[in-house]
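To start, the structure itself, in structure tokens.
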Amino acid sequence: MTGEKINLIILKECSDIGNEPIIEKCMEWGILKREVNCPACAKDNYISKMKLRKDVSLLEGYKWSCNKLRSKNKKKRKRCSFSMSLRGRTFFGNSKLPIWRILSFIHLWTKNVSTEVMSEELEMSKATVLDWCSFCREVTYDAMMVRNKKIGKKCSKVQLGKYKFGEKRCNKGKVVEGQWALGGIDELSGEIFMATVEKITSETLIQIIQKYVESGTTIVSNLWKELDCLKEEGFEQLKMNNEMNFIIPDTGSQTLKIDAVFRAAKTSLLRCHKNNEFFSGHVSKYLFDKSCKLRNLNPFIEFCKEAGNLYNPDKKETDPEII
Ligand SMILES: [Zn+2]
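Quick look at the structure:
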């Protein structure tokens, strides 16, 4: 992995120097924004960038504040006095924990450290650790499974796979069906998407492909009759017969990497004894790890970027959060 070195000592030392270095780092990593628009001005259709001002009564000693003079009528000019904490509407939200401890948590979480160790090392209660694990999973879930981020492009190949996680079984007298997932991996960039689907039909598969894969991409998959209409939807298609271990000549496509991703995701879920209730969140964490590894990216920094995307103070409250 290339790039910046991060460990608990670096995070703590950065925070010990003062508030400014850790705020600057958070802005560099994207978990805090460098610029935030004033929501009060936005309500009156004005765009005003707030400034960071000192406020010793707050945790990091800074708040966002607006002093825009606004009015169409010069006689009734009014100065906006809106202000909000630096943490307001960010991943750090209403937490009272110092930022370095939350960042340290993220660092350990992206390294798949056990909850017991995190609880011990960061002196957090088990309940707090579990809460933060869940907040972190929301970020990877949004990044990997909700946000409409397309992979692939013209002349690139995306391998497509489907997998059923969890077999039909009885749970407390109720029959629990397995969960179908459809996933794709860009052969070149290593970017991954995965989406859960109730039922595998031509319609549901095409909907997911259109949502997650750029038009014009070559789709590499096994022989599924549900995908026979892909060409009509603007995608090229390469079919592989996996059961016969047959690799189509002249294409250069190797065996399906996506199948290995699914198998590893399943093993990872079984190891953690996860049940279907948290299925999507845990799979998204696995995918996030895998995607960072394949792209040689630092998972901590990638996580910060994604957390900044999900918890963006500029996001209007009326914006659709989740599709
Ligand atoms: Zn304002």
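Just so you know, we're using my numbering here: the sequence shown kicks off at 37 and counts up by one.
For every residue, glycine included, the Cβ atom is placed at its ideal position computed from N, Cα and C.
Remember, it's a predicted structure, so these values are computed and weren't measured experimentally.
Check whether residue i and residue j have beta carbons under 8 Å apart
| i | j | result |
| --- | --- | --- |
| F364 | G219 | An answer regarding residue 364 cannot be provided, because it is not within the stretch 37 to 359 covered by the chain. |
| G129 | G344 | no |
| S84 | K99 | no |
| F229 | I42 | no |
| E269 | K186 | no |
| S140 | L47 | yes |
| Q243 | I221 | no |
| L68 | C74 | no |
| S257 | K275 | yes |
| N334 | E40 | yes |
| G317 | R125 | no |
| S93 | N103 | no |
Backbone secondary structure at residue i - three-state DSSP
| i | result |
| --- | --- |
| V297 | helix |
| I13 | With the chain running from 37 to 359 in the structure shown, residue 13 is simply not present. |
| K341 | helix |
| I303 | It should be noted that the sequence gives Thr, not Ile, for residue 303. T303 falls in the helix class under three-state DSSP. |
| K79 | helix |
| M230 | strand |
| T237 | coil |
| S131 | coil |
| R331 | coil |
| M63 | helix |
| K186 | coil |
| K275 | strand |
| N148 | coil |
| F201 | strand |
| I58 | helix |
| K69 | coil |
| V92 | coil |
Cβ-based burial, residue i [other Cβ within 10 Å; buried from 16]
| i | result |
| --- | --- |
| D350 | exposed |
| S150 | exposed |
| E227 | buried |
| L224 | exposed |
| D167 | exposed |
| E342 | buried |
| G188 | buried |
| G252 | exposed |
| S107 | exposed |
| E96 | buried |
| A217 | buried |
| E157 | exposed |
| T303 | exposed |
| S170 | exposed |
Test: residue i CB closer than 8 Å to a CB of chain D
| i | result |
| --- | --- |
| Y248 | The displayed structure is made up of one protein chain only, and chain D is not part of it. |
Within 6 Å of ligand 1: residues by beta-carbon to any heavy atom: C74, A76, C77, S84, C102, K104, C116 and F118
Cβ contact (3+ pairs, closer than 8 Å) linking the stretch 45-64 and the stretch 319-328: no
Three-pair Cβ contact test at 8 Å for the stretch 160-179 versus the stretch 229-243: no
Segment contact, 8 Å Cβ cut-off, at least three pairs: the stretch 112-119 with the stretch 135-154: no
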